[in-house]
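Protein chains in written order, with the numbering used here: chain A, -10 to 373; chain B, 972 to 1135; chain C, 2 to 79.
Structure record follows, encoded as structure tokens.
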Amino acid sequence: MVVTSKLKCFSFFVILLQFGFIALNLHAAVLPEDRSDILYHRFDGGGVVIDGPSILVRKSIQDTVSISANYYVDNVTSASIDVVTTASEYIEQRIESSVSVEYLRDKTILSVNYTQSDENDYSARSAGFNFTQDFFGDLTTISAGYSQGWDVVSKRGEEDFAEDVNRKQFRFGLTQILTKNSLIGISWETVTDEGFLNNPYRSVRYLDPTTAVGYSYQSELYPETRTSDAFAIRGMYYLPYRAAIKAEARFFSDTWGITSKNAELSYTHPIGEHWIVDAKIRSYSQTKANFYRDLFDRIDAQNFLARDKEMSTFGNDSAGLAVSYERELNWGVIDRFSVNLAVDYIQFDFEDFRDLSIEGTTVGEEPFYAFDAIVTRFFFSVWY
Amino acid sequence: MKLLQKFVLISFVALLAFAGQVDAKKTAAPDFTLKSRDGENVRLSDLRGQVVLLNFWASWCGPCRQEMPILDAIHNKYKSLGFSVLGVNLDAKSEKAINYLKDTPVTFPVLYDPKGDVSGQYGVQAMPSTVIIDKDGNVRYLHEGYKSGYEDDYRKQIKTLLRE
Amino acid sequence: MPALRSLAKLVVITLFFLLAGCSSIRPWVKPYERQNLADPITFFGRDPAADNFLHHVRQAREAARGAEGSSGGGCGCN
């Protein structure tokens, strides 16, 4: 039985992408700057290489409306641990496009957005709106948003296979300026997914003394609903010699029993008039889903079965460095441009997901899996 | 005297705080003296007899920068009729403003208020803020912020005050 | 963690009341004192396309999702 496995591309990413799209760009009572970015992105790790372009264009009209559009492609070449142990390397492509419109009136910004993502066996659509309000002399900013997503999960090789996933997401944030040089923010986000939440290709393994390797596979089976909550705190401090230090911590839990926490520290340092260097470190850890096991005792051991390494107990640590060169231009409509390179190194260590690609091991005692990855972003930006 | 002055100023601030777009209410514009970019001291009361558009701006403020060329056009259009734009720059480090003006020159006088004393006197609540003062030295109109189209209001109000 | 959820709600509600009730407290950072906060180096997401991609990379490989963005700060103009 040939079973192919793949990196799941949840429409959730799609929804969050648009929230990120909006939320990251909103600064009290002014529309985001007009700009265009052309980005080459690349993920290389764990036997998977995903790269492609991302193009962003943003333009405002009369200082009251700002329109953004993004076109993004993932070219996936995967020989990941899931693929290597159960199937053969595959290549595929995912294309995502999104558009958002923001409207500014006095101290309020209202935005709506729409995103669609398509690959040969997964399509996702989502729409949402966001609301930001400044008050108290613009020292306090409140934001709230809601998004809804509709996915269709299909399966290569099975024409009739089509399952739905519906997602609902609600988000709230508060940012408070503390001093001329510092601010603090808190945010909370809750997501509910309903429908076919597992991967149609992925399997779990169970002890099977009748086979040569000692285990057999069966399809994974997840609950039909999942609700999660995330709560984050972040702070920024401006250093007098012109630099900024930022810290953030997030806590997460969901109805599948997964809890996680992560913390990140970053430092931004301009050099001279044109260069900016960013350095950051981040640490993430999570506990497993309550229906996750690396090796089940027998077939149909539980109502729900998962062996997705993303549902296991693991941690990752990363360090990143970014360099940016920016210059004023005054070339027709273009005011300035920048060239940027950002590289992150991430090390993943799993505590209850075992590496089955290693030969000569006893069932259930294979070494735990670990891999590292390099994430690259190389891009040009212009402002006009 | 200082206490009384403070009281007057605070009342003025309180008034402006709720002013929004103050129309035709006559309150005396607080007098001040600031250094201009040619090094000379400029005093607001020296401009009595002229209509003055006082604009509080800073180089780091996007809408302020957008407004600058428009204010320059307004200054050039009406200056022969007894009008002047007076820019008050609030950059804590004035060199930033000087560098900005090198790239985007304007012809109206620009004064430096790096400590924010004058903006405090005028109770500046938004960036940018535009105060239009009549020939008798009274504040007649206040605009908080800048959005495309505000300049049409400026022109109308300047013409009204010039006719007085 | 339901406790964390309640805590989060409590923090938010408290802040709301604090802010709503403090009409006697004036904004302590004046609009013309915002130059540092308006500096793009203080922003959490300076380059949206690149930052969104990094968030996507993390969400694809971690079970956690949500609460990644931030709004506020900036020049507070208009």
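Even glycine gets a Cβ: it sits at the ideal position worked out from N, Cα and C.
Please read all numbers here as calculations on a predicted model, not as lab measurements.
Measuring alpha carbon to alpha carbon, tell me which of the options ends up nearest residue i.
i, options, result
"Ser272(A)", "Ala232(A), Phe357(A), Val322(A) and Glu237(A)", "Glu237(A)"
"Asn102(A)", "Thr164(A), Gly134(A), Tyr373(A) and Phe360(A)", "Gly134(A)"
"Phe337(A)", "Asn319(A), Ser301(A), Asn329(A) and Ser370(A)", "Ser301(A)"
"His30(A)", "Lys269(A), Asp333(A), Ser176(A) and Gly184(A)", "Asp333(A)"
"Ile234(A)", "Val371(A), Gln51(A) and His258(A)", "His258(A)"
"Asn59(A)", "Ser89(A), Ser49(A), Ser67(A) and Ile50(A)", "Ser89(A)"
"Tyr92(A)", "Leu20(A), Ala68(A), Ser69(A) and Leu45(A)", "Leu20(A)"
"Ala68(A)", "Thr365(A), Phe360(A), Val180(A) and Ser370(A)", "Phe360(A)"
"Ile1104(B)", "Asn1047(B), Gly1010(B), Val1056(B) and Leu1082(B)", "Val1056(B)"
"Arg231(A)", "Ala50(C), Ile42(C) and His57(C)", "Ile42(C)"
"Pro33(A)", "Asp40(C), Leu55(C), Gln36(C) and Gly77(C)", "In the sequence on display, residue 33(A) carries Asp and not Pro. When only C-alpha atoms are compared, the closest one is Leu55(C)."
"Val1059(B)", "Gly1120(B), Leu1072(B), Lys1130(B) and Lys1050(B)", "Leu1072(B)"
"Gly1010(B)", "Asp1124(B), Tyr1112(B), Ile1069(B) and Thr1101(B)", "Ile1069(B)"
"Arg24(A)", "Ala18(A), Ile39(A) and Ile44(A)", "Ile44(A)"
"Asn187(A)", "Phe339(A), Lys48(A), Asp26(A) and Val141(A)", "Val141(A)"
"Gln137(A)", "Phe125(A), Ala113(A) and Thr130(A)", "Ala113(A)"
"Val1013(B)", "Tyr1112(B), Pro1080(B) and Lys1118(B)", "Pro1080(B)"
"Arg366(A)", "Pro49(C), Glu34(C), Gly77(C) and Phe44(C)", "Pro49(C)"
"Glu78(A)", "Arg47(A), Val37(A) and Val62(A)", "Val37(A)"
"Ser1119(B)", "Arg1111(B), Pro1034(B), Trp1028(B) and Ala999(B)", "Pro1034(B)"
"Pro1076(B)", "Gly1094(B), Met1039(B) and Gly1116(B)", "Met1039(B)"
"Ile260(A)", "Asn119(A), Arg316(A) and Thr181(A)", "Arg316(A)"
"Asn64(A)", "Arg223(A), Val54(A), Ser49(A) and Gly41(A)", "Gly41(A)"
"Glu426(A)", "His263(A), Lys269(A) and Phe240(A)", "Past the boundaries of the shown model lies residue 426(A); chain A is included only from -10 to 373, so the question cannot be answered."
"Arg27(C)", "Val312(A), Thr66(A) and Phe124(A)", "Phe124(A)"
"Pro32(C)", "Ile1129(B), Gly1094(B), Tyr1112(B) and Leu1113(B)", "Gly1094(B)"
To the nearest angstrom, report how far apart residue i and residue j are at their CA atoms.
i, j, result
"Trp1031(B)", "Lys157(A)", "39 Å"
"Glu108(A)", "Gly70(C)", "26 Å"
"Ile1041(B)", "Thr276(A)", "59 Å"
"Ser115(A)", "Asp153(A)", "13 Å"
"Asn14(A)", "Thr121(A)", "Confidence at Asn14(A) is low in this model, with a pLDDT of 39, below 50, so the placement of that residue should be treated as unreliable; the coordinate-derived value is given next. If you take the alpha carbons of Asn14(A) and Thr121(A), they lie about 11 Å apart."
"Val352(A)", "Arg287(A)", "13 Å"
"Gly75(C)", "Asp127(A)", "9 Å"
"Arg83(A)", "Leu345(A)", "28 Å"
"Ile1045(B)", "Ile335(A)", "56 Å"
"Thr1101(B)", "Asp1074(B)", "23 Å"
"Ser1007(B)", "Glu85(A)", "54 Å"
"Gln992(B)", "Asp1123(B)", "Here the model assigns Gln992(B) a pLDDT of 47, short of 50, so the residue's position is not dependable, and the following value carries that caveat. The alpha-carbon atoms of Gln992(B) and Asp1123(B) are separated by roughly 14 Å."
"Thr75(A)", "Arg296(A)", "13 Å"
"Pro229(A)", "Lys96(A)", "29 Å"
"Asp376(A)", "Phe44(C)", "Past the edges of chain A, shown from -10 to 373, lies residue 376(A), and the structure says nothing about it."
"Leu310(A)", "Arg1126(B)", "50 Å"
"Gln105(A)", "Val62(A)", "12 Å"
"Leu1018(B)", "Phe118(A)", "50 Å"
"Gln1037(B)", "Asp71(A)", "54 Å"
"Gly35(A)", "Asn170(A)", "41 Å"
"Asp306(A)", "Ser274(A)", "9 Å"
"Glu183(A)", "Thr244(A)", "12 Å"
"Tyr314(A)", "Lys298(A)", "38 Å"
"Thr199(A)", "His57(C)", "42 Å"
Might you give, ordered along the chain, the residues of its own chain that have their beta carbon closer than 8 Å to the beta carbon of residue i, omitting 5 neighbours on each side?
i, result
"Lys144(A)", "Asp110, Phe150, Pro189 and Tyr190"
"Leu1133(B)", "Val1022, Tyr1049, Leu1052, Gly1053 and Phe1054"
"Leu196(A)", "Gly203, Tyr204, Leu284, Phe285, Asp286, Arg287, Val352 and Gly353"
"Pro356(A)", "Arg343, Asp344, Ile347 and Thr350"
Leaving out five residues before and five after residue i in sequence, what residues of the same chain have Cβ atoms less than 6 Å from its Cβ?
i, result
"Gly46(C)", "Asp52"
"Ser176(A)", "Gly162 and Ala221"
"Arg35(C)", "Cys76 and Gly77"
"Tyr1117(B)", "Pro1034, Glu1038 and Pro1099"
If I measure Cβ to Cβ from residue i and keep anything under 7 Å in the same chain, skipping five residues before and after, which residues do I get?
i, result
"Asp341(A)", "Lys277, Asp283, Ser301 and Thr302"
"Tyr373(A)", "Asp23, Val322, Ile323 and Asp324"
"Ile166(A)", "Leu128 and Leu172"
"Gln60(C)", "Arg66"
Against chain B: residues of the stretch 51 to 65 of chain A by CB proximity under 9 Å: Of all residues in the stretch 51 to 65 of chain A, Gln51, Asp52 and Thr53 have a Cβ within less than 9 Å of some Cβ in chain B.
The stretch 26 to 43 of chain C: positions lying closer than 8 Å to chain F by Cβ: This model lacks chain F altogether, as its protein chains are A, B and C.
Positions along the stretch 68 to 97 of chain A whose CB lies within less than 7 Å of some CB in chain B: Across the stretch 68 to 97 of chain A, no CB contact with chain B closer than 7 Å is found for any residue.
Three CB pairs or more closer than 8 Å across the stretch 1105 to 1112 of chain B and the stretch 1005 to 1023 of chain B: Touching, per the Cβ criterion.
Contact between the stretch 1073 to 1093 of chain B and the stretch 57 to 66 of chain C (3+ Cβ pairs under 8 Å): Three or more beta-carbon pairs separated by less than 8 Å are not found between the stretch 1073 to 1093 of chain B and the stretch 57 to 66 of chain C, which leaves the two stretches without contact.
Where the stretch 335 to 350 of chain A meets chain C: residues whose CB sits under 8 Å from a CB there: The stretch 335 to 350 of chain A vs chain C, Cβ under 8 Å: Phe337.
Members of the stretch 150 to 184 of chain A that neighbour chain C once the beta carbon cut-off is set at 8 Å: Of all residues in the stretch 150 to 184 of chain A, only Gln158, Arg160, Phe161, Gly162, Leu163, Thr164, Gln165, Ile166, Thr168, Lys169, Asn170, Leu172, Gly174, Ile175, Ser176, Trp177, Glu178, Thr179 and Val180 come within less than 8 Å of chain C when Cβ atoms are compared, listed by chain position.
Contact list for the stretch 1096 to 1121 of chain B against chain C, Cβ threshold 9 Å: Listed by position, the residues of the stretch 1096 to 1121 of chain B near chain C (Cβ gap below 9 Å) are Gln1096, Ala1097, Met1098, Pro1099, Ser1100, Glu1115, Gly1116, Tyr1117 and Lys1118.
Contacting positions in the stretch 1019 to 1041 of chain B - beta carbon closer than 8 Å to chain A: Here the close residues are Gly1033, Pro1034 and Gln1037.
Interface residues of the stretch 1044 to 1073 of chain B facing chain C [CB-CB below 7 Å]: Residues of the stretch 1044 to 1073 of chain B with a Cβ closer than 7 Å to any Cβ of chain C, in chain order: Leu1061, Asp1062 and Ala1063.
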